[in-house]
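Below you'll find the structure, written out as structure tokens, and then a few comments.
Chains as they are written, first to last, in this note's numbering: chain A, -3 to 327; chain B, 1397 to 1770; chain C, 22 to 349.
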């Protein structure tokens, strides 16, 4: 039974991976003309030099241009197993794998830190609001949450830029490192500098993620506090704190975990767009530049990597939920 | 009003048992003050942008180069010479080169008040692009002394007027996108829930896949693929399609779930047993029962779509000039020195924010309303 | 001998949006050591609220003890801080409680063993291992097979009857002097019901414990209770013994309840009480049962006092007033 479920899940994951690669390939193929021609043309305009004929021939061969679509797709997918995700035009023919590899860590570091921060704020506030239902603080928090839910990340980033220019040290606006630290090795000073740059983007991201989490936490906990087993726990003579945290809030976390699959893409959206506005060294800026320049291997690959990572995130969320909720594990 | 006519015996105040479900819903909605205010705000916004030609004092491309980045004009009621009047007026804005910084500075020319007149004839336009007219809600009679509530852009165009025209795109994209989304989502959701089988399996897998793609990057990629040489109307349509392309999955899932639970209910089973056709069952039994859910989901999808368009246009891969949208107008502000020197250029952000908030509050109110007994 | 629990003139009010609800009014009764008291009444009669008042488990800010005293071992529980240490020692330590819905009474994400261990360790200094040992013993005692394995399982692996047994084990884990059982058998099968009632009776005898058994079913009370009180709309209508209630019910309401009850060997038709229980905000002014009572009189518009009928029995009904009886 349990094994069966894992096998079925694995099969459906493989199929989803296939669909993801198909959609990404479609995105790569959408703009008119093939990538090599665009590259050749761009080299002529910018560098004023023609690429050597062998190079062009090599690239055509490598990506199967001129061959039927499905062969091109197979060549592209086949490259993944050798770590070959195509080449980038805007980065002067550099390997997409290198460009993505350098920035993917920072992207998901931001996402995960934002997730931790948003839960860290939303869960205590949700517990507070649920245990103080219909009091002033509850009303206030709930309306503020709806407000927070409505402010899009990119607008918040724009407004932040505006505020920062008037009020803050503009040294910390944009990028994740001050000039002297960009290529410096990690040190305490560099880390502190990094944190100062990180604070506001993280906060903007976390606010967006927090509002929804808060609302769900509050609603769940309100439901749970009405449950019989909470009264059982009180009837045992437990402290009210133990009753709320160990018996009610602990279970209210489960829906949050199962919602991770929806929350991660939202945070990733925010990370990408904030990174573009504030120029943070994540996958956002190269993705944006690639789209503008029709550098499709880079753009398509970033898109695919984001989707695959989210898929992995979903699987991790399911595993966490199974660990956290015995009913899911055994059922 | 229509409701009162169909219910000849209005219920006594406080006696909820005599109210129909629809009346209960209506009451519940009216009790949610935020939702009502939001609905009113949205009505005003939509009317003001649909009739932008009338509500905007100037045309969207009507610029005066000497007013490049001129600040908003102050609307006044009291003049030193002419005294105070109920009729508001503005002073003409003139540019002077500062003797200290040698930068252009704008000052008010206080020699003469220019009164603002309502329902004033001015530049001709076409109502909804069809009926030519030249009436404007308000403007001055002197085109050298323009009233500009939100300042001017780089080319000396009135930002307030441009925002009203830009709203035509921003606000309609949400509605159009959601229209497509609702049709796609409810049709696919109903079919997949009602028939199940391989169709259901394939669509579910497809939806799952689309949902692991982060929304904004996929929008960006699809939108960037719209050929730059397309005419503006095509670009607009392309963006609507791109925005609807991802949104329907959520609704389809919800509708599928509802269909699954509805098709086991007695009234559907009874209809099947009495030989009603599938089309009839879907139309008469499934759709009416899901309508409220669909409306709520649609209402909450509109702001998402509006934000999507704003974000895309803001990044320069959405609608392109000469079309206008709030996101595109905002991108004009997005240069550090522009934001710092001409903060009024951020005004479109305020409009986006108000619209999105209003839709979210409205959707929340509708969701509470649909569940009238809670 | 002093009773274990003595309740005098208890009134508990609920402050709801719709107004004040007098859930329990002027209720008095006693439970002696080793005695089983049945509390009988239809739903909404205040029996559960009485139990929650004793446990101080009323919903905060809504339910309040307005008047009266609840003397448990000489301590007035009504005066204690419901969240304070003293009250928490009594709750779960000296008074155990089990509830109506075994399916939802146990926490779904903690094992049965862990939940019992938690109860034991709240009221004793036992180590985790010692507490677990005791929990397994208790599970064994309440009739759960393979208690060691079962203790490691989650509630969803238990049937309703087994969950109620586990609840009993948990309630008894600190050797309480009083067990409050709030409709313990309402949600289980009839066969399981008998087993659970037997179990409660056995355990009570074994431990010389007192039991307050709340039920809407007079037959249940007849099986296990020594004495009983009958409640209606927040008031005690009759106090009597299990022996007498079937033969000589005193209050017209008790009679009505009995006549609406199927019993073995009875031929006559079941006779339901006319009318229905009025809503919580539509309490009649005088005797709460007057509007449904066959024997209602003019004087029933005023609240009757409690009349003593004999050593064991008393009833709140004007029929037992000497003057009324002579006039009528």
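Think of the CB as a built atom: it goes at the ideal place given N, C-alpha and C, for glycine as much as any other residue.
Residue range of the alpha helix (DSSP H) that includes residue i
i, result
"residue 21 of chain C", "For residue 21 of chain C there is no data in the structure shown, the boundaries of chain C being 22 and 349."
"residue 51 of chain C", "Element bounds for residue 51 of chain C: not the alpha helix (DSSP H) but the beta strand (DSSP E), 40 to 52."
"residue 217 of chain C", "211 to 228"
"residue 1462 of chain B", "Taken as a continuous stretch (DSSP letters only), residue 1462 of chain B belongs to no alpha helix (DSSP H), as it is neither H nor E."
"residue 106 of chain A", "92 to 127"
"residue 1649 of chain B", "1628 to 1658"
"residue 1578 of chain B", "1555 to 1591"
"residue 1534 of chain B", "No alpha helix (DSSP H) contains residue 1534 of chain B, which is instead part of the beta strand (DSSP E) from 1527 to 1536."
"residue 342 of chain C", "Taken as a continuous stretch (DSSP letters only), residue 342 of chain C belongs to no alpha helix (DSSP H), as it is neither H nor E."
Residue i, buried or exposed, once every other Cβ within 10 Å from all chains shown has been counted against 16
i, result
"residue 146 of chain A", "buried"
"residue 116 of chain C", "buried"
"residue 1770 of chain B", "Because residue 1770 of chain B carries a pLDDT of 43, less than 50, the predicted location of this residue cannot be relied on, and no value is offered for it."
"residue 1611 of chain B", "buried"
"residue 66 of chain C", "buried"
"residue 1783 of chain B", "For chain B, the structure presents residues 1397 to 1770; residue 1783 of chain B sits outside this window and is missing."
"residue 265 of chain A", "buried"
"residue 261 of chain A", "buried"
"residue 197 of chain A", "buried"
"residue 1399 of chain B", "Residue confidence for residue 1399 of chain B is low, a pLDDT of 41 falling below 50, so the modelled location carries little weight; the figure read from the coordinates is stated next. Exposed."
"residue 165 of chain C", "buried"
"residue 189 of chain A", "buried"
"residue 267 of chain A", "buried"
C-alpha distance - residue i paired with residue j, whole-angstrom precision
i, j, result
"residue 90 of chain A", "residue 32 of chain A", "13 Å"
"residue 1473 of chain B", "residue 1429 of chain B", "34 Å"
"residue 1596 of chain B", "residue 1589 of chain B", "7 Å"
"residue 199 of chain C", "residue 234 of chain A", "18 Å"
"residue 274 of chain C", "residue 27 of chain C", "24 Å"
"residue 46 of chain A", "residue 36 of chain A", "7 Å"
"residue 1764 of chain B", "residue 251 of chain C", "42 Å"
"residue 358 of chain C", "residue 232 of chain C", "In this structure chain C extends from 22 to 349, so residue 358 of chain C is not present and cannot be described."
"residue 191 of chain C", "residue 156 of chain C", "8 Å"
"residue 1488 of chain B", "residue 1535 of chain B", "13 Å"
"residue 1547 of chain B", "residue 1456 of chain B", "13 Å"
"residue 161 of chain C", "residue 168 of chain C", "6 Å"
"residue 63 of chain C", "residue 1433 of chain B", "47 Å"
"residue 240 of chain A", "residue 1613 of chain B", "40 Å"
"residue 17 of chain A", "residue 1545 of chain B", "50 Å"
"residue 296 of chain C", "residue 313 of chain C", "6 Å"
Where the beta strand (DSSP E) through residue i begins and ends
i, result
"residue 258 of chain C", "256 to 262"
"residue 32 of chain C", "26 to 37"
"residue 261 of chain A", "Not the beta strand (DSSP E): residue 261 of chain A falls in the alpha helix (DSSP H), residues 256 to 274."
"residue 1433 of chain B", "First-last for residue 1433 of chain B: 1429 to 1446, but that is the alpha helix (DSSP H), not the beta strand (DSSP E)."
"residue 133 of chain C", "That residue, residue 133 of chain C, is in no beta strand (DSSP E); its alpha helix (DSSP H) goes 133 to 143."
"residue 1511 of chain B", "1500 to 1523"
"residue 1490 of chain B", "1479 to 1493"
"residue 1475 of chain B", "1472 to 1475"
"residue 231 of chain C", "231 to 236"
Whole-angstrom C-beta distance between residue j and residue i, which should lie under 8 Å
i, j, result
"residue 249 of chain C", "residue 61 of chain C", "6 Å"
"residue 323 of chain C", "residue 307 of chain C", "5 Å"
"residue 225 of chain A", "residue 127 of chain C", "6 Å"
"residue 241 of chain C", "residue 218 of chain C", "7 Å"
"residue 267 of chain C", "residue 279 of chain C", "7 Å"
"residue 1701 of chain B", "residue 1574 of chain B", "6 Å"
"residue 163 of chain C", "residue 133 of chain C", "Their Cβ separation, rounded to whole angstroms, is 11 Å, which puts residue 163 of chain C and residue 133 of chain C out of contact at 8 Å."
Distance cut-off 7 Å: residue i Cβ against heavy atoms of the ligand ATP
i, result
"residue 67 of chain C", "You won't find the ligand ATP in this model; it holds no ligand whatsoever."
For this session: Evaluate contact between the region 277 to 289 of chain A and the region 135 to 146 of chain C, counting only Cβ atoms and requiring at least three cross-stretch pairs below 8 Å.
Result: No: fewer than three Cβ pairs fall under 8 Å.
Exercise. Between the region 294 to 306 of chain A and the region 262 to 282 of chain A, do three or more beta carbon pairs fall short of 8 Å?
Worked result: They touch, by the three-pair rule.
Problem set entry | Meets three-Cβ-pair contact criterion under 8 Å: the region 196 to 205 of chain A and the region 111 to 118 of chain A | Yes, since at least three Cβ pairs between the region 196 to 205 of chain A and the region 111 to 118 of chain A fall closer than 8 Å, the two stretches touch.
Exercise. Are at least three pairs of beta-carbons, each pair with one atom in the region 1707 to 1718 of chain B and one in the region 1632 to 1649 of chain B, less than 8 Å apart?
Worked result: Verdict: yes, contact present.
Exercise. Pairing CB atoms from the region 92 to 110 of chain C with CB atoms from the region 165 to 180 of chain C, are three or more of them under 8 Å?
Worked result: As far as the Cβ criterion goes, the region 92 to 110 of chain C does not touch the region 165 to 180 of chain C, which means the pair count is below three.
For this session: Specify whether the region 8 to 26 of chain A and the region 1613 to 1625 of chain B touch according to this definition: at least 3 beta carbon pairs, one from each stretch, less than 8 Å apart.
Result: Here the region 8 to 26 of chain A makes contact with the region 1613 to 1625 of chain B; the two share three or more CB pairs at distances below 8 Å.
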